[in-house]
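One structure below.
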Amino acid sequence: MGRHSSFDKQAVLESALTLFWSKGFSATSLRQLEEVTELHPGSLYHHFKSKEGLYVSVLKYYLEHEMPDRINRYLTGNAPLSGIRRFFTSGYRNPQEQHYRNCCFLACSSAELHLLPQEAQSLINKGMMDIQDAFEKQLGLLTRQGYTFSQEINDIAKHLSCLFLGLQLFARIQSNQHQLDSIINNSLQQLLPHRIN
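Just so we're aligned: 62 in my numbering is position 61 of the sequence shown, and the numbers increase by one with no gaps anywhere.
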C-alpha cells in the first residue's frame, strides 16, 4: 500500500478510529497505525506527537462527528419513547464484520481510561454529558406530551446514561440481540414514565 505525500486529516482520523475501535488503545501498535493511516512514523509524530495524541484527536473526531449524528438521528423529534429505545438498540445492530461497533467508541474508551491521557477523561465526560443532555431534552418533551415521572427528569437522564454506558460494554462481549433487547425493554419499562390521560 503506497503512502500519500499530502495529509488528509479526516481520512487519517477515520482510519485510526476504525483501528482503535476494533482493537482498543493498548492493543493497537504504532506500526498498525502507520499502516492504516499511510503515514510515515515522522509524519505521525509531526501531526499528533504520540499514539496518545492521535487517540485524543480520534476521540475528539468521534465526539464531533459520529456521536452527534447518532444523537440527532434518535434523540430528537416528536417520538421520544421510540427514539430513546432506538438509541440503545441501534448501537449493537451491526454486521458481523463490524462487530466491534456494538460498543460505542466512547464506552470502549472509558474501559481503557487508566491508560489514556487526562484530556481523554475530559472528552469522555463531555461525551457522556452530551448524551445525558439529549436524554433530558427527550424526557422534557415527554412531560409536554402528557407523561409523568416518579423521579426528577435529571435523575432519570443520568440513569439512562449509565444504562447506555453499561449496555454498550456488555454488547461488546454479548452479541445476542434478543437478550440485549430484553435487558433494554425491562430497564426502560422501569425508568420511563406512564401517560396520565
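Glycine included, every Cβ here is placed at the ideal spot set by N, Cα and C.
Check: Could you check if G92 is buried or exposed, using at least 16 other CB atoms within 10 Å of its CB as the buried criterion?; Outcome: buried
Check: Report the three-state DSSP secondary structure of T38 (helix, strand or coil).; Outcome: helix
Check: Between which two residues does the alpha helix (DSSP H) carrying L192 extend?; Outcome: 178–192
Check: Using DSSP with H/G/I as helix, E/B as strand and the rest coil, what is T77?; Outcome: coil
Check: Should E65 be labelled buried (16 or more other beta-carbon atoms within 10 Å of its own) or exposed?; Outcome: exposed
Check: Spatial neighbours of N155 within its chain, please: CB distance less than 8 Å, with the 5 preceding and 5 following residues excluded, ordered by chain position.; Outcome: E137
Check: Does DSSP classify T29 as helix, strand or coil?; Outcome: coil
Check: Are the Cβ atoms of R74 and L189 separated by less than 8 Å?; Outcome: no
Check: Specify, as a first and last residue, the run of the alpha helix (DSSP H) that C163 falls within.; Outcome: 154–174
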